[in-house]
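Numbering (my numbering), first residue to last: 95 to 502.
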Ligand code: GLV
Ligand code: MN
Ligand code: MN
């Protein structure tokens with residue numbers, strides 16, 4: 095690894111470090127269409143223009159920085175996202191974007207001439223932390239999420255995405271599927287921090303992705319009746335929290351029984367007073383697993399438990415099993431033959447593009463604890479630089495030789 099790459103990594107990492115970082119928790123709060131999101135997008139645009147890349151926005155506001163003209167020949171794209179979950183870590187998303195810029199610099203510095211364009215993307219709203227649907231940026235442009243539905247999604251303050259777009263100076267009318275942008279992407283390679291702990295045991299700094307588990311999000315709304323916490327007999331209560339709490343435990347049991355994972359990580363209790371019986375309770379279920387039928391059985395059982403308490407259950411998103419392109423994986427393995435193969439329970443824009451028919455691959459960089467979606471998420475600097483080296487080698491292969499026949 096050249097010292098220039100290391101310096102570039104350190105500079106970019108330092109520039110991103112304070113954007114959206116919460117002073118108390120040390121975690122990142124980088125939500126779509128906020129001030130922090132704006133600052134991150136400005137940073138991305140600055141990196142692109144400093145390199146003389148052509149910066150374009152698609153109909154969902156995803157940012158694309160092109161070296162070469164993808165309207166002449168569809169390009170190879172790398173990159174990731176810059177938004178975060180509430181109190182997320184520094185690496186989930188930004189590692190892929192920073193590594194992409196450095197890999198491009200290394201190709202250029204070596205005098206390399208690609209046979210097709212190279213693009214770097216910053217997908218908007220990957221985590222769905224504000225409006226509830228993950229990978230909204232890639233879902234909308236590929237048509238997997240209809241514009242009407244996206245624009246009607248509401249954040250925790252009741253503001254719709256359409257209103258948030260207007261507040262950010264953007265035109266909601268422009269939002270929609272964008273086949274022209276999608277057509278420019280001949281193949282996609284996303285580098286991402288490992289989520290879960292495998293590579294430390296396998297003693298390797300990078301792995302290649304094989305598939306993404308089926309996963310989804312469901313909204314559970316429990317009814318109740320507001321009343322006084324001190325004067326209402328237990329028998330007379332309609333406490334929305336009891337249904338939600340019981341259903342959270344049912345989710346744990348169902349996931350255990352079916353070999354899946356299930357989480358209720360977000361709740362809203364109304365009115366939210368210590369001395370007021372909850373008149374409504376909403377929880378969001380996240381369920382995933384290796385086997386689609388098992389995830390569906392888990393969710394059916396949770397839904398039945400919720401229905402016993404009069405709750406309504408709404409599916410907010412569902413992503414079926416995603417398998418990455420076998421031909422592309424084979425080619426990437428020729429470059430990184432020692433890299434282990436990993437499946438993942440985490441969702442990614444790479445999965446959405448793969449489902450849209452774009453040959454897609456993922457490179458994971460070792461996470462020593464496996465912890466992610468947390469302020470303590472970490473990757474060693476040397477491993478990050480090994481990830482840049484791996485990405486550069488993969489781009490060199492995929493951009494260096496025009497494939498014969500149908501090779502991506
Ligand atoms: C995104 O990181 C997800 O898997 O929820
Ligand atoms: Mn994430
Ligand atoms: Mn991510």
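Note that beta-carbon positions come from the ideal geometry of N, C-alpha and C, so glycine has one too.
Open item on the list: Along the chain, where does the beta strand (DSSP E) containing residue 438 start, and where does it finish?
Closed with: As a first step, residue 438 is located in the chain shown; it is residue number 344 there, counting from the start. Per DSSP, residue 438 belongs to the beta strand (DSSP E) from 435 to 438.
TODO: Please say whether residue 216 and residue 277 have beta carbons closer to each other than 8 Å?
DONE: To locate residue 277, count along the chain shown from 1; it is residue 183. To locate residue 216, count along the chain shown from 1; it is residue 122. No, Cβ-Cβ distance for residue 277 and residue 216 is not below 8 Å.
Task: Per DSSP, the bridge partner or partners of residue 317 - done: Sequence index remark: in the chain shown, residue 317 carries index 223 (1-based). BP columns for residue 317 point to 374.
Task: Contact set for residue 69: own chain, Cβ-Cβ below 6 Å, skip 5 residues either direction - done: Summary: the structure shown does not reach residue 69, with the chain confined to residues 95 through 502, and so no result is reported for it.
Task: Unbroken beta strand (DSSP E) run spanning residue 174, endpoints - done: By one-based count along the chain shown, residue 174 stands at place 80. Residues 169 to 175.
Open item on the list: Suppose only complete runs of 3+ residues qualify. What are the beta strand (DSSP E) ranges in the stretch 319 to 378, listed by chain order?
Closed with: 355 to 364
Task: Cut-off 6 Å between Cβ atoms - residues of its own chain near residue 361, not counting five sequence neighbours on either side - done: In the chain shown, residue 361 corresponds to position 267, counting from 1. 377, listed in sequence order.
- [ ] Thinking residue 457 and residue 481 are a contact (beta carbons under 8 Å), I'd like their distance in whole angstroms, please.
- [x] Taking the first residue of the chain shown as position 1, residue 457 is located at position 363. Taking the first residue of the chain shown as position 1, residue 481 is located at position 387. Contact holds; Cβ gap of about 6 Å.
Task: Exposure label - residue 369; buried when at least 16 CB within 10 Å - done: Translated into the one-based positions of the chain shown, residue 369 becomes position 275. Per the 10 Å Cβ criterion, exposed.
- [ ] Given a cut-off of 8 Å, decide if residue 314 and residue 338 are closer than it, judged by their beta-carbon atoms.
- [x] Start at 1 with the first residue of the chain shown, and residue 338 comes out as number 244. Start at 1 with the first residue of the chain shown, and residue 314 comes out as number 220. For residue 338 and residue 314, yes; Cβs fall inside 8 Å.
Open item on the list: Pull the bridge partners of residue 458 from the DSSP assignment, please.
Closed with: Here residue 458 refers to the residue found at position 364 when the chain shown is read from its first residue. Residue 458 pairs with 286 and 301.
Open item on the list: Going by the DSSP bridge assignment, what does residue 281 pair with across the sheet?
Closed with: Position 187 of the chain shown holds residue 281. 170, per the DSSP bridge assignment.
- [ ] Would you kindly work out how many angstroms separate the C-alpha atoms of residue 318 and residue 420, rounded to a whole number?
- [x] Locating residue 318 in the chain shown gives position 224, counting from the first residue. Locating residue 420 in the chain shown gives position 326, counting from the first residue. Cα-Cα distance, rounded: 51 Å.
Task: DSSP state of residue 132 mapped onto helix, strand, coil - done: Against the chain shown, residue 132 aligns to sequence position 38. DSSP places residue 132 in helix when its eight states are reduced to three.
- [ ] Put residue 382 into one of helix, strand or coil per three-state DSSP.
- [x] Counting from one through the chain shown, the residue named residue 382 turns up at place 288. Residue state, collapsed to three classes: strand.
TODO: Could you tell me whether the Cβ atoms of residue 380 and residue 311 are closer together than 8 Å?
DONE: Translated into the one-based positions of the chain shown, residue 380 becomes position 286. Translated into the one-based positions of the chain shown, residue 311 becomes position 217. Contact: yes.
TODO: Go to residue 510, then tell me how far its alpha helix (DSSP H) extends in each direction, as first and last residue.
DONE: The structure shown does not extend to residue 510, since the chain is modelled only from 95 through 502, so no value can be given for it.
- [ ] Tell me whether residue 187 counts as near ligand 3, meaning its Cβ is closer than 7 Å to at least one heavy atom of that ligand.
- [x] If you number the chain shown from 1, residue 187 lands on position 93. Checking the Cβ of residue 187 against ligand 3 gives yes.
TODO: Name, in chain order, the residues that DSSP records as bridge partners for residue 216.
DONE: In the chain shown, counting from the first residue as 1, residue 216 sits at position 122. According to DSSP, which records beta bridges pairwise, residue 216 is partnered with 157 and 174.
TODO: Identify the continuous beta strand (DSSP E) that holds residue 412 and give its terminal residues.
DONE: The residue given as residue 412 occupies position 318 in the chain shown. Unbroken beta strand (DSSP E) run through residue 412: 406 to 413.
Task: Bridge partners - residue 312, DSSP secondary structure assignment - done: The residue labelled residue 312 in the question sits at position 218 within the chain shown. Partner(s): 379 and 409.
Open item on the list: Please tell me whether residue 123 and residue 178 are closer than 8 Å, where the distance is taken between their beta carbons.
Closed with: Taking the chain shown and counting its residues from 1, the one referred to as residue 123 is at position 29. Taking the chain shown and counting its residues from 1, the one referred to as residue 178 is at position 84. The answer is yes: Cβ separation under 8 Å.
Open item on the list: Would residue 194 and residue 214 qualify as a contact pair, given that the criterion is a beta-carbon distance under 8 Å?
Closed with: As a first step, residue 194 must be located in the chain shown, where it is residue number 100. As a first step, residue 214 must be located in the chain shown, where it is residue number 120. Yes, the pair counts as a contact, with Cβ atoms nearer than the cut-off.
TODO: Could you please give the first and the last residue of the uninterrupted alpha helix (DSSP H) stretch that includes residue 426?
DONE: Taking the chain shown and counting its residues from 1, one reaches residue 426 at position 332. Taken as a continuous stretch (DSSP letters only), the alpha helix (DSSP H) holding residue 426 covers 420 to 429.
Open item on the list: Please tell me whether, using a cut-off of 7 Å, the distance from the CB of residue 121 to the nearest non-hydrogen atom of ligand 1 is below it.
Closed with: The residue given as residue 121 occupies position 27 in the chain shown. No, Cβ of residue 121 sits at least 7 Å from all heavy atoms of ligand 1.
TODO: Please state whether DSSP places residue 417 in a helix, a strand or coil.
DONE: For the purposes of this step, residue 417 is taken as the residue at position 323 of the chain shown. Correct three-state label for residue 417: strand.
Task: Alpha carbon of residue 288 to alpha carbon of residue 394, nearest angstrom - done: Here residue 288 is taken as the residue at index 194 of the chain shown, counted from 1. Here residue 394 is taken as the residue at index 300 of the chain shown, counted from 1. Taking the straight line from one Cα to the other gives about 30 Å.
Open item on the list: Give me the residue from 351, 402 and 375 with the minimum Cα distance to residue 387.
Closed with: Working through the chain shown from its first residue, we reach residue 387 at position 293. Out of 351, 402 and 375, 351 has the C-alpha closest to the C-alpha of residue 387.
Task: Cβ pair residue 304, residue 436 closer than 8 Å - done: As a first step, residue 304 must be located in the chain shown, where it is residue number 210. As a first step, residue 436 must be located in the chain shown, where it is residue number 342. Cβ atoms of residue 304 and residue 436: closer than 8 Å.
Open item on the list: Spatial neighbours of residue 316 within its chain, please: C-beta separation below 6 Å, excluding the five flanking residues on both sides.
Closed with: Taking the chain shown and counting its residues from 1, one reaches residue 316 at position 222. Around residue 316: 334, 337, 338, 375, 403 and 405.
Task: Unbroken alpha helix (DSSP H) run spanning residue 107, endpoints - done: Reading the chain shown from its first residue, position 13 is the one you call residue 107. From DSSP, the alpha helix (DSSP H) with residue 107 extends over 97 to 111.
TODO: Could you check which residue in 400, 302, 155 and 330 has the C-alpha nearest to that of residue 343?
DONE: On the chain shown, residue 343 is found 249 positions in, with the first residue counted as 1. When only C-alpha atoms are compared, the closest one is 400.
Open item on the list: Rounded to the nearest angstrom, what separates residue 494 and residue 129 at their Cα positions?
Closed with: As a first step, residue 494 must be located in the chain shown, where it is residue number 400. As a first step, residue 129 must be located in the chain shown, where it is residue number 35. Residue 494 and residue 129: Cα-Cα distance of roughly 39 Å.
TODO: For residue 424, count neighbouring C-beta atoms within 10 Å of its own C-beta (all shown protein chains included) and say buried if the count is 16 or more, exposed if not.
DONE: Position 330 of the chain shown holds residue 424. By the neighbour-count rule (16 or more Cβ atoms within 10 Å), residue 424 is not buried but exposed.
Open item on the list: Is residue 342 near ligand 2 - that is, is its Cβ less than 7 Å away from at least one heavy atom of it?
Closed with: Counted from its first residue, the chain shown places residue 342 at position 248. Not under cutoff, so the answer is no.
Open item on the list: Buried or exposed for residue 209, going by 16 or more other Cβ atoms inside 10 Å?
Closed with: What you label residue 209 is simply residue 115 of the chain shown in a count that begins at 1. Label assigned to residue 209: exposed.
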